[in-house]
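Residue numbers (my numbering): 2 to 402.
In structure tokens, the structure reads:
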């Protein structure tokens with residue numbers, strides 16, 4: 002195989018015959034959300050050290066309905082980093098809340114916890130932060146600040162699963178954690194899926210209603226067909242079927258039973274996937290250490306164990322080349338690249354005119370927006386792919402130095 006035949010995707014869905022068999026079995030048994038979804042929810046809840054998990058169709062949906070279920074007063078403020086993903090902020094705005102932006106660290110891609118307190122006001126109700134690229138925020142420190150000011154903590158862990166901080170689940174310190182099973186992530190549910198994980202019973206009830214059209218029967222899961230659960234309600238004195246009692250304005254955001262069957266098989270390989278991603282992350286680090294005059298390397302949070310979504314680098318302003326040239330050179334040689342999601346989201350066209358507050362400096366988010374690049378470190382990589390990536394980067398650098 003020549004280098005021209007090798008393609009390196011920035012992310013990849015990895016699955017095999019056992020996932021295919023699980024999907025076929027589910028198709029034969031029934032596709033309505035049921036036993037596979039419940040088993041999947043229980044296992045995801047345990048990974049986040051939470052009492053409950055609600056399986057939905059995406060991590061973004063989990064953020065939207067999870068935030069709504071808190072019932073924050075409109076106009077309240079939520080602190081969040083400027084370097085982020087769109088729906089981490091979208092769930093704030095769509096619920097009538099005001100984002101308050103702080104910066105991230107120089108190269109850890111996580112909210113700078115030292116900048117949070119200075120932005121807290123009497124309107125602040127929560128802190129929402131992503132484990133961006135899979136690196137963990139300093140959740141123990143965030144939780145301490147939240148406790149001091151009576152704020153809710155929401156962990157957006159779309160980019161990683163099964164990660165630990167100080168030997169504990171990343172969800173240990175949150176009021177709500179969400180994750181995503183999108184195709185590029187450490188496990189997936191046949192391409193899509195998400196979950197929110199919580200301890201509060203009432204918040205679970207609200208979230209279930211929001212997930213499933215707002216109808217009362219949804220809180221009973223598979224028992225929604227039971228006579229005692231269906232025909233024990235009335236609307237304005239009219240005896241009615243709970244299957245069509247709508248007690249709130251909801252959505253249709255249910256996860257797929259087929260996806261859950263697929264995801265359960267993926268979970269069997271979670272530990273292997275984490276270890277493989279960590280190994281690939283270290284291989285990338287070792288390679289780029291030779292070129293630190295041009296690139297700023299990622300810094301993993303202390304006492305964190307995680308599977309990185311991708312390998313982020315920052316092209317230094319002093320480098321004799323620009324990001325665009327670097328990306329195009331790699332892309333022409335079948336090596337996918339990405340920028341680091343939103344960069345400073347307050348500069349994005351759909352967000353720059355929102356009602357917001359922001360810190361005086363968002364320099365690190367701006368620097369990552371200028372020079373940040375994502376490369377592969379997923380568990381679908383092999384030695385040939387990594388060699389092709391590194392050889393190509395070295396070829397590029399030889400044309401510039």
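Yeah, the Cβ is synthetic: ideal placement off N, Cα and C, and Gly gets one too.
Just so you know, these numbers come straight off a predicted model, no measurement behind them.
Next on the checklist: Only counting the same chain, and skipping five residues up and downstream in sequence, which positions put a Cβ closer than 6 angstroms to that of residue 357?
Outcome noted: Same-chain partners within the cutoff: 100.
Item to check | Same chain, Cβ closer than 6 angstroms to residue 178, neighbours up to 5 away in sequence not counted | outcome: Result list for residue 178: 49, 156, 158, 172 and 198, in chain order.
Checklist entry - To which residues does DSSP link residue 127 through a beta bridge? => result According to DSSP, which records beta bridges pairwise, residue 127 is partnered with 79 and 153.
Next on the checklist: Since residue 377 and residue 312 should fall inside the 8 angstroms C-beta cutoff, what is the C-beta to C-beta distance between them, to a whole number of angstroms?
Outcome noted: Residue 377 to residue 312, Cβ: 7 angstroms. Contact.
Next on the checklist: Counting beta carbon pairs with one atom in the stretch 242 to 254 and one in the stretch 211 to 226, are three or more of them shorter than 8 angstroms?
Outcome noted: Judged by Cβ distances under 8 angstroms, the stretch 211 to 226 makes contact with the stretch 242 to 254, as three or more pairs qualify.
Checklist entry - Which residues bound the alpha helix (DSSP H) around residue 372? => result Run containing residue 372: 364 to 372, per the alpha helix (DSSP H) assignment.
Checklist entry - Looking at residue 14 and residue 184, is the spacing between their C-beta atoms short of 7 angstroms? => result Cβ atoms of residue 184 and residue 14: closer than 7 angstroms.
Checklist entry - Is the beta carbon of residue 381 less than 7 angstroms from the beta carbon of residue 341? => result No.
Checklist entry - Could you check where the beta strand (DSSP E) with residue 94 kicks off and where it finishes? => result Element bounds for residue 94: not the beta strand (DSSP E) but the alpha helix (DSSP H), 87 to 94.
Checklist entry - On the three-state DSSP scale, how would you describe residue 114? => result In the three-state DSSP reduction, residue 114 falls in the helix class (H, G or I).
Next on the checklist: If the criterion is Cβ atoms closer than 7 angstroms, does the pair residue 366 and residue 84 meet it?
Outcome noted: For residue 366 and residue 84, yes; Cβs fall inside 7 angstroms.
Checklist entry - If you draw a straight line from the C-alpha of residue 31 to the C-alpha of residue 59, how long is it? => result Distance between the alpha carbons of residue 31 and residue 59 is about 21 angstroms.
Checklist entry - Quick one: Cα of residue 70 to Cα of residue 42, how far? => result For residue 70 and residue 42, the distance between alpha carbons rounds to 18 angstroms.
Next on the checklist: For residue 297, tell me which candidate among 68, 107 and 89 has the shortest Cα-Cα distance.
Outcome noted: In terms of Cα proximity to residue 297, the closest of 68, 107 and 89 is 107.
Checklist entry - Taking the Cβ atom as the reference point for each residue, do residue 260 and residue 190 lie within a distance shorter than 7 angstroms? => result Cβ distance < 7 angstroms, so residue 260 and residue 190 count as in contact.
Item to check | Local Cβ density within 10 Å of residue 315, reported as buried at 16 or more and exposed below that | outcome: Buried: at least 16 other Cβ atoms inside 10 Å.
Checklist entry - What is the rounded straight-line gap between the Cα of residue 335 and the Cα of residue 12? => result Going by the C-alpha atoms only, they are around 13 angstroms apart.
Checklist entry - From residue 239 to residue 227, what does the alpha carbon distance come to, in whole angstroms? => result Approximately 20 angstroms between the Cα atoms of the pair.
Checklist entry - Ordered along the chain, which non-local residues of its own chain (more than five positions away) have a Cβ less than 6 angstroms from that of residue 337? => result Excluding residues within five positions, the ones whose Cβ falls inside 6 angstroms are 10 and 11.
Item to check | Contact set for residue 345: own chain, Cβ-Cβ below 7 angstroms, skip 5 residues either direction | outcome: Excluding sequence neighbours, residue 345 sits near 83, 84, 363, 366, 367 and 370.
Checklist entry - Considering only residues of the stretch 259 to 330, which uninterrupted beta strand (DSSP E) runs meet the minimum length of 3 residues and lie entirely inside it, listed in chain order? => result If we require 3 residues or more, the beta strand (DSSP E) runs fully inside the stretch 259 to 330 come out as 312 to 316.
Checklist entry - Cβ of residue 266 within 7 angstroms of Cβ of residue 46? => result With respect to residue 46, residue 266 sits apart: the two C-beta atoms are not nearer than 7 angstroms.
Item to check | Closest residue to residue 402 among 388, 65 and 295 (Cα-Cα distance) | outcome: Here the closest residue by C-alpha is 295.
Checklist entry - What number of angstroms, rounded off, separates the C-alpha of residue 351 from the C-alpha of residue 182? => result Distance between the alpha carbons of residue 351 and residue 182 is about 25 angstroms.
Checklist entry - Should residue 389 be labelled buried (16 or more other beta-carbon atoms within 10 Å of its own) or exposed? => result Burial call: buried.
Next on the checklist: Within the continuous alpha helix (DSSP H) that includes residue 28, where are the two ends?
Outcome noted: Where residue 28 is concerned, the enclosing alpha helix (DSSP H) stretches over 18 to 30.
Checklist entry - If we call anything under 7 angstroms between Cβ atoms a contact, is residue 80 one with residue 146? => result The beta carbons of residue 80 and residue 146 sit no closer together than 7 angstroms.
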